[in-house]
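So in the working numbering, the last one in the sequence shown is 370, and the numbering has no gaps at all. Beta carbons: idealized from backbone N, C-alpha and C, even for Gly. These figures come from a predicted structure and were not determined experimentally. Following: one structure in structure tokens, then a few remarks.
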Amino acid sequence: MLMRIAALTKKELLTVLKDPKSRFVVVGPPIIQLLVFGYAATFDLTRVPFAVYNEDPGAASRELVARFAGSPSFRGVGHITRQDQMAPTVDRGRALLVLRIGPHFSRNLGAGRGGQLQVIVDGRNSNTALIALNHVRSIVTELNRQWSGRAPEAPPAHLQVRAWFNPNLESRWFIVPGIVGLLTLVVTLLVTALSVAREREQGTFDQLLVTPLRPVEILLGKALPGFVIGLLEAGLVVTLAVAWFGVPLLGSLAALLLGVVVFLMSAVGVGLMISSMAVTQQQGLLGAFLFLVPAVILSGFATPIANMPAAVQYITFLNPLRYFMTILRGVFLEGAPIGLLVHELWPMAVIGVAALGLAGWLFRHRMY
Numbered sequence: 003m004l005m006r007i008a009a010l011t012k013k014e015l016l017t018v019l020k021d022p023k024s025r026f027v028v029v030g031p032p033i034i035q036l037l038v039f040g041y042a043a044t045f046d047l048t049r050v051p052f053a054v055y056n057e058d059p060g061a062a063s064r065e066l067v068a069r070f071a072g073s074p075s076f077r078g079v080g081h082i083t084r085q086d087q088m089a090p091t092v093d094r095g096r097a098l099l100v101l102r103i104g105p106h107f108s109r110n111l112g113a114g115r116g117g118q119l120q121v122i123v124d125g126r127n128s129n130t131a132l133i134a135l136n137h138v139r140s141i142v143t144e145l146n147r148q149w150s151g152r153a154p155e156a157p158p159a160h161l162q163v164r165a166w167f168n169p170n171l172e173s174r175w176f177i178v179p180g181i182v183g184l185l186t187l188v189v190t191l192l193v194t195a196l197s198v199a200r201e202r203e204q205g206t207f208d209q210l211l212v213t214p215l216r217p218v219e220i221l222l223g224k225a226l227p228g229f230v231i232g233l234l235e236a237g238l239v240v241t242l243a244v245a246w247f248g249v250p251l252l253g254s255l256a257a258l259l260l261g262v263v264v265f266l267m268s269a270v271g272v273g274l275m276i277s278s279m280a281v282t283q284q285q286g287l288l289g290a291f292l293f294l295v296p297a298v299i300l301s302g303f304a305t306p307i308a309n310m311p312a313a314v315q316y317i318t319f320l321n322p323l324r325y326f327m328t329i330l331r332g333v334f335l336e337g338a339p340i341g342l343l344v345h346e347l348w349p350m351a352v353i354g355v356a357a358l359g360l361a362g363w364l365f366r367h368r369m370y
């Protein structure tokens, strides 16, 4: 039995690795996607373009503009001389925000009165606009303290902020571990979702059925190549995450490997379910993407699951990528041991066993 499964597994691996297109799909896109997502998918705010409409020639207004220009979060794109230039500057995308400093701003600020200050922000990108406004508030608050005319009163309590697991709150440390799970799922799902469908499309499925292989052996022979390729893919992406992007891997490799193995079991099961139902490779590819899109959205990759509606949160319990995301970020950033990951491992294992069982049932009932 083991020899027959090993022979079929070898045949499947050679089919994937000797085909130039399949080989490129396994190696090329994941590396490209990791580099693109790792640099492009970030929540950090840097060099946001802003314009200034300054109606006050005083020192406070000049200092405020200098603070904005000297901040790494903003990039000045010019000065506006008329009020009617503000709207076109934002509408045409020349600046994300316009800082308008009212007349007598410096004099009023030095006298302890409120100076007129207005910020017009492009709200079409609400996330960036919200982060930019937080930086604006921080700069204006510091200016107010300096120009208040007196030293600030000592607060009754001294606030110290410390971010655990990500001291500098670098979004790349949050994004890149998630990309490890995303790319591992994509490659594994595509390899397994096309395995049985490829045999049917090429007309070799009937030849496979007349061999001494039993259905369970055929299924295992189709599952193991996807598992092996997924394991190698995960190792490659983890290596790039640590060596190239500098994301700390604080946990043990054993905990990470265990999480990858359990996740691959569920991913292979889902892929074989899709492949068992597909007649052509095009159907298998479509089925894989129909699963991938909601799986990524409901995994907590970019948006917290706690912010989703209650009904949607219950649906996420059926998503193996949800648990794998927690394991990846726990091992990378928290250094979580295996004991703390049990609550994520066992649901993923249940999903994997159920998916493999259902894939076997579908395979037996759609053999002929």
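Answer with buried or exposed for residue i, where buried requires no fewer than 16 other C-beta atoms within 10 angstroms of its C-beta.
i, result
"ALA159", "The predicted model places ALA159 with a pLDDT of 41, which falls under 50 and marks its position as unreliable; any figure quoted below should be read in that light. Burial call: exposed."
"ARG84", "exposed"
"ASN321", "buried"
"PRO154", "Confidence at PRO154 is low in this model, with a pLDDT of 49, below 50, so its placement is unreliable and the value that follows should be read with caution. Per the 10 Å Cβ criterion, exposed."
"GLN372", "Given a span of 3 to 370 for the chain in the structure shown, any question on residue 372 remains unanswerable."
"PRO179", "buried"
"ASP124", "buried"
"THR186", "buried"
"LEU273", "The identity of residue 273 in the sequence shown is Gly, whereas the question assumes Leu. Its Cβ being crowded by 16 or more others within 10 Å, GLY273 is buried."
"LYS224", "buried"
"LEU66", "buried"
Rounded to whole angstroms, what is the Cα-Cα separation between residue i and residue j?
i, j, result
"THR213", "VAL281", "21 Å"
"ALA156", "GLY232", "Only weak support exists for where ALA156 lies, its pLDDT of 41 falling under 50; the value from the coordinates is given anyway. Approximately 57 Å, taken between the alpha carbons."
"VAL333", "ALA290", "28 Å"
"SER140", "ALA131", "14 Å"
"LEU4", "ILE220", "11 Å"
"GLY286", "MET88", "52 Å"
"ARG49", "LEU36", "23 Å"
"ALA313", "PHE293", "19 Å"
"ARG174", "LEU47", "12 Å"
"VAL249", "GLY183", "15 Å"
"ARG152", "THR143", "Interpretation of ARG152 is limited by its pLDDT of 46, a score under 50 that renders its predicted location unreliable; the figure taken from the coordinates is listed afterwards. Cα-Cα distance, rounded: 14 Å."
"ALA52", "ARG69", "Checking the sequence, you will find Phe at residue 52 rather than Ala. Answer to the nearest angstrom: the Cα atoms are 12 Å apart."
"LEU145", "GLN120", "15 Å"
"VAL193", "ILE122", "50 Å"
"LEU161", "GLN148", "Low confidence applies to LEU161: its pLDDT is 41, below 50, so where it sits in the model is not reliable enough to give any reading."
"GLY72", "LEU191", "47 Å"
"VAL100", "GLN118", "14 Å"
"GLY337", "ILE276", "35 Å"
"GLU172", "ARG216", "52 Å"
So residue i and residue j are supposed to be a Cβ contact under 8 Å. How far apart are they, rounded?
i, j, result
"VAL268", "GLY354", "Note that residue 268 is Ser in the sequence shown, not Val. Yes, SER268 and GLY354 are in contact; Cβ-Cβ is about 4 Å, under 8 Å."
"ILE103", "THR91", "That belief does not hold up - the Cβ atoms of ILE103 and THR91 are roughly 15 Å apart, past 8 Å."
"PHE229", "VAL189", "Rounded, the Cβ-Cβ distance is 11 Å, inconsistent with contact."
"VAL79", "ALA61", "With a Cβ gap of about 23 Å, VAL79 and ALA61 do not count as contacting."
For residue i and chain B, any beta-carbon pair shorter than 8 Å?
i, result
"ARG324", "Protein chain content of the structure displayed is limited to a single chain, and chain B is not contained in it."
Continuous alpha helix (DSSP H) assignments of at least 4 residues falling wholly in the segment 242-299: 255-279 and 283-299
Three Cβ pairs or more, each shorter than 8 Å: is that satisfied between the segment 336-349 and the segment 252-264? yes
Within the segment 45-114, ranges of the alpha helix (DSSP H) (whole runs, at least 4 residues): 61-72, 88-93 and 107-112
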